[in-house]
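Following: one structure in structure tokens, then a few remarks.
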Amino acid sequence: MTELLDPIAPAATAAKPILSIRDLTVSFRGARGRWNTVVHGLSLDVAAGETVALVGESGSGKSVTSLAIMRLLDPATSRLGGRIDLDGQDILTLSEQEMVRSVRGQIATMIFQEPMTSLHPIYTIGDQIIEALTCHHPMPKTEARQAAIALLERVRIPNAARRLNDYPHAFSGGMRQRVMIAMALASRPKLLIADEPTTALDVTVQGEILDLLKDLQAEYGMAMLFITHDMGVVAEMADRTVVMYRGSMIETGPTARIFSAPSQPYTRALLASVSTLGSMKGEPAPLRFPEIDMATGVATPGRLLTRQPDMSKALLDVRNLVTRFDVRGGLLHRRIARVHAVENVSFTIHPGETLSLVGESGCGKSTTGRSIIRLAGKPEGEVLLEGTDLFGLSSEEMRLKRSDIQMIPQDPLASLNPRMTIGEALVEPFMEHRMGSRSAARAKAARLMEQVGLSPAMLERFPHEFSGGQRQRLCIARALMLDPRLIIADESVSALDVSVKAQVVNLLLDIQDRLGISFLFISHDIAVVERVSHRIAVMYLGEIVEIGPRARVLEDPRHPYTRRLIDAVAVPDPARRHLRRNQAPHELMNPIRDLSFVPPQRRYIEVSPGHFVRDDA
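Residue numbers (the UniProt record's numbering): 1 to 617.
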């Protein structure tokens with residue numbers, strides 16, 4: 001039996017803990033009435049001013065633990081055992097009304113993993129923040145509005161007063177996560193449970209948000225339970241770390257010791273799965289992550305892709321792509337400005353090649369991907385797929401052409417119909433494009449489930465029955481149902497734990513090596529981008545500022561923004577956490593322009609073969 005360290009560290013015993021968990025068990029009732037236990041006897045304390053990280057791979061019980069603490073699990077299908085004390089009260093003895101009135105939003109609050117499913121789509125961001133502000137602390141509407149603007153400014157959303165009236169769909173994934181953080185901080189809780197709070201944030205903003213949380217923690221003496229898959233974030237934030245595996249705590253201790261001398265094979269395997277920028281130096285092609293034996297922690301080196309892209313012809317040719325959105329305001333709801341989301345973007349993707357788009361949240365990466373398949377506004381320019389201009393096709397012609405270009409979305413839960421079984425979700429596009437019979441579709445769905453590492457028996461389940469990593473695999477399987485030539489992967493691994501991220505990246509690389517599929521890989525995780533890319537394009541404020549071969553862009557970055565992105569990558573080393581504190585925050589620029597704004601003409605300089613940098617002189 002694994003020997004565990006005492007989960008109550010000296011830091012926690014020095015003061016009365018805000019959160020104290022003893023022998024927590026969480027069980028869910030299955031379809032046949034049987035109870036399945038997913039958290040086994042968990043005990044931990046979090047003191048005021050302390051940060052405890054809860055880490056482990058997808059499905060280990062981290063998020064279920066956080067939902068149990070907040071009593072957000074359905075009592076009809078879940079069962080909690082043990083004891084959970086929040087600020088001295090055993091919350092398992094409280095009624096739902098008492099939880100709403102005196103615990104949630106007062107003592108404890110939570111930042112959820114998937115912001116789009118946590119924000120109400122038919123209410124403005126301002127309405128939702130004001131509701132969070134006034135729920136427990138009534139105040140005049142004018143005062144609440146000013147407080148909401150101040151919160152948005154603290155999480156660095158540009159033009160906060162204007163964006164207060166926008167709806168969630170108008171924000172990028174990273175921007176929505178910032179809104180969630182602002183709402184959580186509104187009530188000044190004693191305990192903040194942060195479930196992957198920086199998952200959707202780019203590297204430059206991630207450090208500043210972490211600093212903000214630390215500053216607020218120091219100011220209010222707030223305790224934090226930090227749930228994350230990012231070991232760089234763990235190194236940066238956590239005083240103590242709790243490692244979970246299959247619902248049980250297998251190792252706990254001071255974060256510095258966990259990183260320097262992990263005692264359990266699984267902990268060593270987690271650390272070995274971390275992607276580190278610079279690990280691809282000298283490699284000529286994308287490289288699979290090492291295969292880690294989670295039982296022993298032994299790593300088998302990854303292999304290079306053997307299939308080479310065909311650089312002699314273009315599969316996708318994007319020319320002068322422009323996508324803008326109107327900003328309306330005033331009594332007559334007139335157009336008062338424009339969001340220049342994508343501005344004069346051009347690039348080519350070759351058969352079997354991966355081109356990665358990197359940049360900050362809101363820089364236009366996702367809008368570029370959605371514009372290519374005509375799912376974002378009214379884009380202008382040319383998008384040629386094997387010579388066919390997609391912008392010149394009718395709606396019906398474009399619908400049929402989408403079988404050649406599929407997208408793996410950023411938020412897998414929001415992209416899967418909660419009322420459809422996974423089998424129905426996979427079969428639907430196959431039948432919609434009339435690619436064969438229903439029995440053929442079911443057979444192909446079963447094969448693809450096996451190829452993405454899931455059991456065909458899971459086809460009868462619903463999306464909510466899967467972990468985040470499993471849902472992302474399902475989205476990959478769904479994209480492959482139509483045998484696409486190009487897959488647009490929009491932050492497809494950003495929400496995954498480190499070990500699962502490595503597995504999904506390896507899955508994508510295997511698919512490319514076997515089928516010759518091209519990828520437009522959209523990500524803010526530069527360490528992963530280094531692993532998968534043949535070429536990299538860096539975007540800033542809707543424009544490409546640097547593009548070229550992976551090694552050239554990352555090892556010899558020429559544009560100041562590219563250098564800043566690379567310098568901001570978190571290092572999974574607790575001994576270096578003080579270095580981030582010395583980084584001066586930079587101002588996040590605003591893509592909203594006056595109606596009179598005319599984009600400047602850009603010139604690009606080829607600094608080495610195939611390596612182009614925007615001339616900002």
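All C-beta atoms in this analysis are idealised placements derived from N, C-alpha and C, irrespective of residue type, glycine included.
Bear in mind that the values here come from a model prediction, so they are computed numbers and not experimental data.
When V55, G82, A441 are compared, the shortest CA-CA separation from T37 is found for G82. Nearest in C-alpha terms to S394, of all of R374, I408, P412, is R374. When the beta-carbon positions are compared, A537 and F347 come within less than 9 Å of each other. Minimum Cα-Cα distance from F466 among the listed residues P412, L541, N159 corresponds to P412. Under the DSSP assignment, N506 falls in the alpha helix (DSSP H) whose first and last residues are 498 to 515. D85 and G610 have their alpha carbons spaced roughly 60 Å apart. With 16 or more other CB atoms across the displayed protein chains lying within 10 angstroms of its CB, L459 is buried. The three-state reading of DSSP puts G436 in coil, since its state is none of H, G, I, E or B. E530 sits in a helix when the DSSP states are folded into three classes. In the displayed model, T354 falls within a strand according to three-state DSSP. In this model, P309 and I511 are separated by some 13 Å (Cα to Cα).
L151: member of the alpha helix (DSSP H) spanning 141 to 154, first to last residue. Burial is judged here by how many other beta carbons sit within 10 angstroms of a residue's own beta carbon; S608 has fewer than 16 and is exposed. Rounded to the nearest angstrom, the Cβ distance from V26 to V39 is 4 Å, consistent with a contact under 8 Å.
In the structure shown, G61 adopts coil according to DSSP, grouped into three states.
The residues V538, H559, Y561, R614, in chain order, have a CB closer than 6 Å to that of V545 in the same chain once the five nearest residues on each side in sequence are set aside. Counting along the chain, the unbroken beta strand (DSSP E) around M244 starts and ends at 240 to 245. Shown here, P456 sits in a helix according to DSSP, grouped into three states. In this structure, P463 places its C-beta atom within 9 Å of the C-beta atom of I422. Taken atom to atom, the span from the alpha-carbon of S361 to that of P591 is near 11 Å. Under the rule that a run must span 3 or more residues, the beta strand (DSSP E) segments found entirely inside the region 540 to 615 read 543 to 549, 592 to 594, 604 to 608, 611 to 614. For Q406, the enclosing beta strand (DSSP E) starts and ends at 405 to 408. In the displayed model, L271 falls within a helix according to three-state DSSP. In the three-state DSSP reduction, M110 falls in the strand class (E or B). With contacts defined as CB atoms closer than 9 Å, E291 and R535 fail to qualify as a contacting pair.
In the three-state reduction of the DSSP assignment, S366 falls in the helix class, which pools H, G and I.
Excluding five sequence positions before and after I258, the CB atoms of its chain that fall closer than 6 Å to its own CB belong to T241, given in chain order.
Under the DSSP assignment, A477 falls in the alpha helix (DSSP H) whose first and last residues are 468 to 480. Only exposed fits H120, as fewer than 16 other CB atoms lie within 10 angstroms of its CB. In this structure, D513 places its C-beta atom within 9 Å of the C-beta atom of T306.
In terms of Cβ geometry, R324 and R338 form a close pair [threshold 9 Å].
The Cβ-Cβ distance between M237 and M249 does not fall below 9 Å. Your pair A144 and E153 does not check out as a contact, with CB atoms roughly 15 Å apart and the cut at 8 Å.
For Q177, DSSP assigns no beta-bridge partner whatsoever. One Cα belongs to R402, the other to E428, and the distance between them is close to 14 Å. If you ignore the 5 residues before and after R29, its C-beta comes within less than 7 Å of the C-beta of W35, T77, all in its own chain and listed in chain order.
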